[in-house]
Structures are given as structure tokens and as C-alpha cells.
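Heads up: the sequence shown at position 58 corresponds to 59 in the numbering used here, and the numbers run straight through without jumps.
Quick reminder that beta carbons are idealized off the backbone N, C-alpha and C, glycines included.
This structure is a prediction, so every number in the text was calculated from the model and none was measured.
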Amino acid sequence: MQVSDLINCGVYIFTPDIFAAIEDVSINREGRGNLRRLSSFEALQSATRTLPKDFVRLDQDILSPLAGKKKLYTYETNDFWEQIKTPGLSLKCSELYLAQFRYTSPHLLASGDVHPSAKIGPNVSISANVRVGAGVRLIGCIVLDDVEVKENAVVINSIVGWKSSLGRWSRVQADGDYSAKLGITILGEAVTVEDEVVVINSIVLPHKILNVSVQDEIIL
2 MQVSDLINCG VYIFTPDIFA AIEDVSINRE GRGNLRRLSS FEALQSATRT LPKDFVRLDQ
62 DILSPLAGKK KLYTYETNDF WEQIKTPGLS LKCSELYLAQ FRYTSPHLLA SGDVHPSAKI
122 GPNVSISANV RVGAGVRLIG CIVLDDVEVK ENAVVINSIV GWKSSLGRWS RVQADGDYSA
182 KLGITILGEA VTVEDEVVVI NSIVLPHKIL NVSVQDEIIL
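In C-alpha cells:
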């Protein structure tokens with residue numbers, strides 16, 4: 002048996018004809034009981050309750066028959082691949098893209114409105130119309146559009162949402178454990194962190210104003 006060194010990244014592009022294939026599977030279910038392989042979901046369901054009437058296995062019911070009819074094709078790429086199963090992995094992927102662009106497309110790494118005394122990096126993504134004040138420190142973070150980071154603020158292992166504002170001497174940081182639920186700090190859209198407030202390992206929903214420090218919290 003030959004084992005491929007390629008992986009399936011789980012990204013598919015279908016034409017509308019895919020709905021006809023799904024409908025065919027739903028109609029022709031009589032042979033389902035004689036199939037030799039069960040998905041893990043089916044095995045679990047069979048031990049507890051009956052399968053949903055419209056249950057369809059993408060890999061076995063849809064993709065395999067399409068491949069047999071030569072209606073399914075693959076696109077092979079040599080770029081890196083990383084699953085994003087937690088918010089923290091967005092930072093990891095950003096780091097990978099930045100490293101790639103430094104060598105393949107350095108012209109895509111644009112500059113922004115950053116004060117000369119601010120220290121940026123490593124692995125920092127700054128989006129359009131971001132304003133970074135004097136003495137700011139940014140490490141391992143994604144700063145989205147229209148954010149203002151005021152003087153001497155610090156952002157580490159965090160994602161700062163659109164139109165947010167970080168006050169003077171504030172700190173937005175996290176441990177950087179990409180797989181943990183609160184391994185990074187995430188500020189939603191239009192969050193205001195007032196002067197000298199510290200936010201650690203927390204998730205803050207949009208349009209919140211933080212005037213006290215928080216740690217290991219989800220601010221609804």
C-alpha cells in the first residue's frame with residue numbers, strides 16, 4: 002500500500018451541481034446499512050439513537066463518488082497549512098504569513114502611521130488607518146483597521162478589533178498559548194481600554210469600555 006505525503010486541507014470549491022449530488026445521496030439510502038465503513042459520528046449515533054434522516058457523509062457519500070466519476074479534482078500547493086481551530090491560532094498563522102511575505106512578497110508588507118519611538122515586532126500585523134503613539138510596544142499581535150494605540154501602551158499576544166482605542170500606559174496582553182481558550186487576549190470592535198488599565202488573558206465583546214483591569218475574564 003502506498004501512503005501519500007500530501008494532506009487534504011479541507012477547503013472545497015463546488016459548483017451548484019453539488020446540491021444534486023447531495024439530493025441523490027438522500028434519496029438512495031437503502032444501501033447505507035451494508036456499508037463496511039462507518040464514520041465516527043455514525044458509530045456513536047448507532048449506539049445511542051438513530052441517524053438523522055438527512056445525514057450525509059461528505060467524504061464517503063459525496064467526494065468519493067465524484068472522484069470515481071472524474072468530477073473531483075485537487076489543487077496542489079507548496080504553501081504552508083495550518084488549521085485555525087482556536088482564536089489563538091490566528092496569531093500563529095499571521096506569524097507564518099509574515100515570515101513568508103518577508104521572502105516572497107516584501108512589497109506587501111506596508112508601513113503605517115507609527116511613531117518613530119514605538120517598537121514593533123516580532124510578528125505584528127497592523128491594518129489600515131492604525132495610529133501608534135510614542136513609546137508603544139507591540140509584540141506578536143494583530144491590530145485591525147482604525148485602531149488607536151496611545152502613548153506607552155503595550156500589546157502582546159493579542160488581537161485588537163476594529164476602531165478600538167488603547168489608552169496611555171495601558172497593557173493588553175496574554176500568555177500566548179495558542180490552543181488555550183484564553184491563551185490570547187481578544188478585543189472586539191470599538192472596545193475602549195482607558196489609561197493605565199491592564200487586560201490579561203481575556204476576551205472582550207464589541208463596544209465595551211474598560212476602566213478597571215481584568216484578567217482571565219470574558220467581558221460580555
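Element boundaries [alpha helix (DSSP H), containing residue i]
{"i": "S95", "result": "89–105"}
{"i": "S65", "result": "65–69"}
Extent of the continuous beta strand (DSSP E) run through residue i
{"i": "S159", "result": "159–161"}
{"i": "I23", "result": "Counting along the chain, I23 falls outside any beta strand (DSSP E), though it belongs to the alpha helix (DSSP H) covering 19–28."}
{"i": "L139", "result": "138–140"}
{"i": "L73", "result": "Neither: L73 is in no beta strand (DSSP E) and is coded neither H nor E."}
{"i": "V199", "result": "199–201"}
{"i": "Q174", "result": "172–174"}
{"i": "V57", "result": "Neither: V57 is in no beta strand (DSSP E) and is coded neither H nor E."}
{"i": "V125", "result": "125–127"}
{"i": "L188", "result": "186–188"}
Identity of the residue in the options nearest residue i by Cα
{"i": "S165", "options": "A175, Y179, L211", "result": "L211"}
{"i": "I121", "options": "N29, A154, D147, K209", "result": "A154"}
{"i": "F81", "options": "Y179, R132, S5, F102", "result": "F102"}
{"i": "S180", "options": "K151, P88, H116", "result": "P88"}
{"i": "G162", "options": "F56, N130, T105, E77", "result": "N130"}
{"i": "S27", "options": "A135, L167, L59", "result": "L59"}
{"i": "V156", "options": "R138, E149, D147", "result": "R138"}
{"i": "G184", "options": "E77, S159, V115", "result": "S159"}
{"i": "F15", "options": "I201, T75, S5, A100", "result": "T75"}
{"i": "S5", "options": "V57, F56, E77", "result": "E77"}
Separation of residue j from residue i, as counted between CA atoms
{"i": "N79", "j": "R169", "result": "43 Å"}
{"i": "D176", "j": "S214", "result": "16 Å"}
{"i": "R37", "j": "Q61", "result": "Legend: pLDDT at R37 = 44, less than 50; position of this residue unreliable, value from coordinates given subsequently. Distance between the alpha carbons of R37 and Q61 is about 11 Å."}
{"i": "Y13", "j": "G113", "result": "35 Å"}
{"i": "G134", "j": "L167", "result": "10 Å"}
{"i": "G34", "j": "I63", "result": "Its pLDDT being 49, under 50, G34 is placed unreliably by the model, and the measurement read from it follows with that caveat. Each residue's alpha carbon lies about 17 Å from the other."}
{"i": "D25", "j": "L7", "result": "30 Å"}
{"i": "S106", "j": "N29", "result": "50 Å"}
{"i": "E218", "j": "K72", "result": "49 Å"}
{"i": "K86", "j": "K182", "result": "11 Å"}
{"i": "H116", "j": "N9", "result": "44 Å"}
{"i": "A119", "j": "G11", "result": "40 Å"}
{"i": "D178", "j": "L99", "result": "19 Å"}
{"i": "V57", "j": "Q3", "result": "28 Å"}
Whole-angstrom C-beta distance between residue j and residue i, which should lie under 8 Å
{"i": "V194", "j": "V173", "result": "6 Å"}
{"i": "L92", "j": "Q84", "result": "Rounded, the Cβ-Cβ distance is 14 Å, inconsistent with contact."}
{"i": "V198", "j": "K209", "result": "Going by Cβ atoms, the distance from V198 to K209 rounds to 12 Å, so no, they are not a contact pair."}
Near the ligand ATP: residue i beta-carbon under 6 Å from a heavy atom
{"i": "A119", "result": "The model depicted lacks the ligand ATP and carries no ligand whatsoever."}
Q. Quick one: any contact between the segment 179–193 and the segment 204–217, if contact means 3 or more CB pairs under 8 Å?
A. With a cut-off of 8 Å, the segment 204–217 and the segment 179–193 count as touching, because enough Cβ pairs lie within range.
Q.
Within 8 Å, do at least three Cβ pairs link the segment 16–24 to the segment 60–70?
A. At 8 Å Cβ cutoff, the stretches touch.
Q. Is the segment 112–129 close to the segment 138–155, with three or more CB pairs under 8 Å?
A. Look at the beta carbons and you see the segment 112–129 touching the segment 138–155: at least three pairs across the two are nearer than 8 Å.
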